[in-house]
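Student: Residue numbers (the UniProt record's numbering): 1 to 338.
Don't be surprised by glycine CBs; every beta carbon is placed ideally from N, CA and C.
Here it is as structure tokens:
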């Protein structure tokens, strides 16, 4: 009687014999061997099932996270709920060379998660439009009449006061930041304009406004603020576990901790204003520039340490207004030469 023998990479005593004629002996093995084989089969099945479940779970979590990010961008266009007592507000007046704009921001209380930043958004009115207003001319036009600056900027502050709940005014910080249009003025004229703002605004408005809240910022500050703003909006300061996110490895020089820090890759900015242009972008630690063109940002965002080496340039008289003047003068000269 012929036999078919099947063997595998198991102990030598494990041998299965099948007889083709009537199969009088199906398995030539012991009960113990059958139990062990059953356990192995069950373990393999359980492992496979676990891998499938984990993959589906984290894949679904990643998809849900992307969905919620999209949903957040959509809900950003909704009108701000001014009846929400947990909302905080902040006001920034950007005094540029061609005009001044006021922006009103709002954010809820922090959720307590040390990995999350404040959820700061632009305030939106009942028509879901951003609470923004612009007036002309630029604040530097009052260089010879600084006593008129408060009256000039008053419509902007009244506009903000109408949108921010009255009960929140005293706890709402107000910042007035002047850029290149003011930087090109003599320091005495700059001080006279700021002094008028610091003296008159608290008389008519009860926002949180101290001496340090009105200033002429440097080109370096202007570039860094723009860089921080765009990277914040793009979520580059947030923690992420997504595999599709661009990650950069950073070693903090001089730190006792030799382990690298992993975070999202940032983007650079080129900001062309009315009078000046700012360029700011992150550079690898192997690149070196003059100290005046280099900015090192060391910050802790809710227990998360960040070290960023940046290159920055500010070009006065390379803004839109000088550029248009240059083009116009060249065009006129060319026409006169014909």
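Under 8 angstroms between C-beta atoms, does residue 234 make it to chain B?
Tutor: Among the chains in the structure shown there is no chain B, since it carries only a single protein chain.
Student: Considering just the uninterrupted stretch of the beta strand (DSSP E) at residue 340, what are its terminal residues?
Tutor: With the chain covering 1 to 338 only, the question about residue 340 has no answer from this structure.
Student: Please return the same chain residues whose Cβ sits closer than 6 angstroms to the Cβ of residue 192, not counting the five positions on each side in sequence.
Tutor: Counting only Cβ-Cβ distances below 6 angstroms, and skipping sequence neighbours, we find 146.
Student: Alpha carbon to alpha carbon, what distance is there between residue 230 and residue 93?
Tutor: Looking at the two C-alpha atoms, the distance is approximately 18 angstroms.
Student: By a C-beta neighbour count over all protein chains shown, 10 Å radius and 16 as the cutoff for buried, is residue 151 buried or exposed?
Tutor: Exposed.
Student: Compute the beta-carbon to beta-carbon distance between residue 274 and residue 100, rounded to the nearest angstrom, for a pair I have assumed lies under 8 angstroms.
Tutor: Their Cβ separation, rounded to whole angstroms, is 11 angstroms, which puts residue 274 and residue 100 out of contact at 8 angstroms.
Student: Is there contact here, the stretch 168-175 with the stretch 126-133, by at least three beta-carbon pairs under 8 angstroms?
Tutor: Contact between the stretch 168-175 and the stretch 126-133 is absent, because fewer than three Cβ pairs lie under 8 angstroms.
Student: Taking only three categories from DSSP, how would you classify residue 126?
Tutor: Correct three-state label for residue 126: coil.
Student: Measure the C-alpha to C-alpha separation of residue 335 and residue 322 and round it to an integer number of angstroms.
Tutor: Going by the C-alpha atoms only, they are around 20 angstroms apart.
Student: Can at least three beta-carbon pairs, one atom from the stretch 100-111 and one from the stretch 130-150, be found at a separation below 8 angstroms?
Tutor: With the cut-off at 8 angstroms, the stretch 100-111 and the stretch 130-150 touch.
Student: Starting from residue 214, follow its DSSP beta bridges and name the residues at the other end.
Tutor: The partner list for residue 214 (beta bridge, DSSP) reads 176.
Student: Residue 43: buried (16+ other C-beta within 10 angstroms of its C-beta) or exposed?
Tutor: So residue 43 counts as exposed.
Student: Here's the rule I'm using: 16 or more other beta-carbon atoms within 10 Å means buried, otherwise exposed. How should residue 25 be labelled?
Tutor: Note that residue 25 scores 47 on pLDDT, short of 50, meaning its location in the model is unreliable; the coordinates nonetheless yield the value given after this. Exposed is the call here.
Student: So residue 223 packs on residue 314, CB below 8 angstroms; how close in whole Å?
Tutor: At roughly 6 angstroms, the Cβ-Cβ gap stays under 8 angstroms, so residue 223 and residue 314 are in contact.
Student: Between residue 160 and the rest of its own chain, which residues show a CB-CB distance below 6 angstroms, the 5 nearest in sequence each way excluded?
Tutor: 91, 102, 104.
Student: Tell me whether residue 183 is buried or exposed, calling it buried when 16 or more other Cβ atoms sit within 10 Å of its Cβ.
Tutor: With 16 or more Cβ atoms within 10 Å of its Cβ, residue 183 is classed as buried.
Student: Grab me the residues of residue 202's own chain with a C-beta within less than 7 angstroms of its C-beta, minus the 5 sequence neighbours each way, in chain order.
Tutor: Within the same chain, residue 202 has close Cβ partners 209.
Student: Name the DSSP bridge partner or partners of residue 111?
Tutor: Looking at the DSSP assignment, residue 111 forms no beta bridge with any residue, so it has no partner.
Student: Is residue 149 near residue 196, with beta carbons less than 8 angstroms apart?
Tutor: Yes, the Cβ-Cβ distance between residue 149 and residue 196 is below 8 angstroms.
Student: Given this structure, state the Cα-to-Cα distance separating residue 112 from residue 213, to the nearest angstrom.
Tutor: When rounded, the distance between both Cα atoms is 28 angstroms.
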